[in-house]
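Residue numbers (full-length UniProt numbering): 1 to 108. Cβ atoms here follow ideal geometry from the backbone N, Cα and C, with glycine treated the same way. Here's the structure we're looking at; comments come further down.
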Amino acid sequence: MSLDRLATFDAEPAAGEVIDGELAVTDDVLVKAFALGPDATIDPHEHDGATNVFHVVQGEVTVQQDDTEETIAAPGVVLNERGQAHGAHNHTDEVAVLTASLCPLPGQ
1 MSLDRLATFD
11 AEPAAGEVID
21 GELAVTDDVL
31 VKAFALGPDA
41 TIDPHEHDGA
51 TNVFHVVQGE
61 VTVQQDDTEE
71 TIAAPGVVLN
81 ERGQAHGAHN
91 HTDEVAVLTA
101 SLCPLPGQ
């Protein structure tokens with residue numbers, strides 16, 4: 001058994017598709033992986049009671065924060081503050097993978 005939880009996330013999304021999976025869930029943190037196929041989007045959303053950190057681990061994604069967009073290539077880290085609208089889009093022809101860490105969990 002490997003300690004690397006990302007190694008078990010094997011996703012090959014089609015164009016426009018997002019595949020996600022939970023890598024770690026505890027009482028105070030959630031870590032999910034997202035594989036974005038070409039032209040796939042994680043719609044902008046907010047977490048009022050939690051900080052969300054994106055780690056771009058493969059490819060590149062365009063991250064939206066409120067009214068700002070920036071292309072982030074792997075390896076890259078993006079801090080999304082509590083209550084800040086954020087999302088991501090893959091404008092490339094390759095699969096992009098990012099993880100998202102959410103803490104504390106809503107309601108904690």
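Using 10 angstroms around the beta-carbon of Gly37, count the other beta-carbons present and answer buried if the total reaches 16, otherwise exposed.
The count along the sequence shown starts at 1 and reaches residue 37 at position 37. Buried, by the Cβ-count rule.
Please state whether DSSP places Thr26 in a helix, a strand or coil.
The sequence position of residue 26 within the sequence shown is 26, counting from 1. Coil.
What is the rounded straight-line gap between the Cα of Gly87 and the Cα of Thr8?
Counting from one through the sequence shown, the residue named residue 87 turns up at place 87. Counting from one through the sequence shown, the residue named residue 8 turns up at place 8. Distance between the alpha carbons of Gly87 and Thr8 is about 24 Å.
Near Lys32, what residues of its chain come up, given a Cβ to Cβ distance below 6 Å and the 5 sequence neighbours on each side ignored?
For this step, residue 32 is matched to residue 32 along the sequence shown. Asp20, Glu22, Ala100.
Taking Leu6 as the reference, give the member of Ala24, Glu69, Gly49 with the closest Cα.
By one-based count along the sequence shown, residue 6 stands at place 6. When only C-alpha atoms are compared, the closest one is Ala24.
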